[in-house]
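Just so it is clear: in the sequence shown, position 84 is 83 by numbering that gives the first Met the number 0, and no numbers are missing.
Data first, discussion second: the structure below is written as C-alpha cells.
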Amino acid sequence: MGSASIIAHTIHQKFNLKVPNYRQEEDWNKLGLPISRKEIANWHIKSSQYYFEPIYNLLHEKLLEQPILHADETSYKVLENDSQLTFYWTFLSGKHEKKGITLYHHDKRRSGLVVEEVLGDYAGYVHCDMWSAYRQLDKAQLVGCWAHVRRKFFEATPKKTDKTSLGAKGLAYCDRLFALENDWTDLSTEERLHKRQTELAPLMDEFFDWCRNQAVLPGSKLGTAIEYSLKYETTFRIVLSDGDLVLSNNMAERAMKTLVMGRKNWLFSQSFEGAKSTAIILSLLETAKRHGLDAEKYMTYLLEHLPNEETLAKKEVLEAYLPWAENIQEKCK
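Set out below in C-alpha cells:
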C-alpha cells in the first residue's frame, strides 16, 4: 500500500477531478514515481475494504434513521459482467437534514429488490421519479418530482408556440409552483408548510382539474404529460404534508451527475470489487463535502488514523470519524 497522502491524492484525482487511472499513471511517471494504474485501482479497492466500508456501513445505518430521503439510479458498465450494464443507485438525506448523507450503491440489478435490500422497512418519505422499483416499498411514502412533470410539459411544448397552447399552459402551472417555493426558501419548516397548504394546494387543485378537463390524443407528448400528472397525482401532492419536503428530486439527480461525469472519463470498471469501491469512496467524499470538509484532507485523515484503531467493529470508534464529528470538523477543513 502507498502512503495515506498519496492514496488520498489518487482518490481526489479520480473521483473529484475525474482523472482516470491511466492518466494518473502517466503523471506519476513524469514525476519519477513508477505507480501503475493497477496499483492505483488496488489501493482504492483495499482501502475501501479495510477502512472505508465500516464508515460507509455506519452512514447507511444512520441514513435509514432520517425522515426524508432522495433516490435515483443510472447504468454503468463492468467488464467482469461480460460488458452487460450494471447500475449505480444513490440514496441521500433531505435538503434540511443537519447530518446530511449521500450514499451510493452498486448492483447488477435495477429492480425493486435492490431498493428493498438497501432501504428495508424504511417508513419515511422518499423523493423519487416513480420508477416501479421504488413502488415496491410498502411502508415509505413516495414523493413525486414536479421537475419531471415540468419536463414532460416542456417536451410537449413546441419552441415556436404561443402561451395559449395547452403545453405552454401546463408548463406555466409548473413554473408558478416553483416560483412560489423559491419565495419560501428562507422560511421555517412550519411557515413553509402553512404557505403550501394555503397557496400551493389551491394551485395544485387548479392544475389537476385543468388536466382532467383536457381532451388530448393519448400517446402524444401532451397526452403523456397529462397522463403522467394524473397517474401519480397523489404522490405529487405529498409535498403538501411536510414543510421539509421539496418539489423536485433534483438533489438525487445532481448526486448521480457526479458519477455520470466520472463515467465519461473512466468509461467502466474492470471488476465488481472496483465498482463497489467506487460507490463506497464516492459516498464518503460527497458526504464530506455536504459538511464543508476538504474531501482530500478527510480521506488522508481516515487513512492515517483508522489503521491505528484496535477495532473498526465498534460503533463508538467509528462515530469519531463521521464527517460531522467535532474532531473531523476541526482537522479536515
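Positions of the beta carbon are idealized from the N, C-alpha and C atoms, including for glycine.
Predicted model, so just to flag it, every value in this text is computed and none were measured.
For a quick check, are the C-beta atoms of residue i and residue j less than 8 angstroms apart?
| i | j | result |
| --- | --- | --- |
| residue 26 | residue 252 | no |
| residue 67 | residue 133 | no |
| residue 112 | residue 100 | no |
| residue 277 | residue 105 | yes |
| residue 270 | residue 77 | yes |
| residue 148 | residue 228 | yes |
| residue 392 | residue 73 | Since the displayed the chain opens at 0 and closes at 332, residue 392 lies outside it and no answer follows. |
| residue 333 | residue 179 | Because residue 333 is not part of the residues shown, which for the chain are 0 to 332, the question remains open. |
| residue 170 | residue 156 | yes |
| residue 57 | residue 314 | yes |
| residue 136 | residue 114 | yes |
| residue 298 | residue 44 | no |
| residue 215 | residue 258 | no |
| residue 54 | residue 320 | yes |
| residue 279 | residue 47 | yes |
| residue 224 | residue 159 | no |
| residue 121 | residue 138 | yes |
Report the residue from the options whose alpha carbon sits nearest the alpha carbon of residue i.
| i | options | result |
| --- | --- | --- |
| residue 325 | 224, 291 and 310 | 291 |
| residue 141 | 245, 260, 151 and 216 | 245 |
| residue 52 | 214, 317 and 119 | 317 |
| residue 107 | 304, 4 and 268 | 268 |
| residue 237 | 116, 226, 203 and 254 | 203 |
| residue 239 | 145, 256 and 323 | 145 |
| residue 168 | 210, 299 and 130 | 210 |
| residue 248 | 126, 166 and 162 | 126 |
Can you tell me where the alpha helix (DSSP H) with residue i in it begins and where it stops?
| i | result |
| --- | --- |
| residue 327 | 325 to 330 |
| residue 388 | What is shown of the chain runs 0 to 332, which leaves residue 388 out entirely. |
| residue 124 | Counting along the chain, residue 124 falls outside any alpha helix (DSSP H), though it belongs to the beta strand (DSSP E) covering 124 to 126. |
| residue 44 | 36 to 46 |
| residue 314 | 314 to 318 |
| residue 8 | 3 to 10 |
| residue 261 | 249 to 265 |
| residue 152 | 145 to 154 |
| residue 163 | First-last for residue 163: undefined, no H or E at that position. |
| residue 346 | Residue 346 falls outside the range modelled here, since the chain spans only 0 to 332, and no answer is possible. |
| residue 61 | 52 to 62 |
| residue 236 | 232 to 236 |
| residue 118 | 111 to 118 |
| residue 20 | 20 to 29 |
| residue 132 | Element bounds for residue 132: n/a, residue is neither H nor E. |
| residue 273 | 271 to 289 |
| residue 191 | 188 to 194 |
If you follow the beta strand (DSSP E) that residue i is part of, which residue opens it and which one closes it?
| i | result |
| --- | --- |
| residue 293 | Neither: residue 293 is in no beta strand (DSSP E) and is coded neither H nor E. |
| residue 140 | 140 to 142 |
Starting from residue i, follow its DSSP beta bridges and name the residues at the other end.
| i | result |
| --- | --- |
| residue 106 | 86 |
| residue 101 | 91 |
Following a CB-centred definition, is residue i positioned closer than 7 angstroms to any heavy atom of the ligand GDP?
| i | result |
| --- | --- |
| residue 257 | Within the structure as shown, the ligand GDP is missing, as the structure has no ligands at all. |
Check: How about the region 257 to 276 and the region 173 to 193: do they share at least three Cβ pairs that are nearer than 8 angstroms?
Finding: no
Next item on the list: Say whether the region 294 to 301 touches the region 31 to 40, bearing in mind that this needs 3 or more beta-carbon pairs closer than 8 angstroms, one atom from each stretch.
Entry: no
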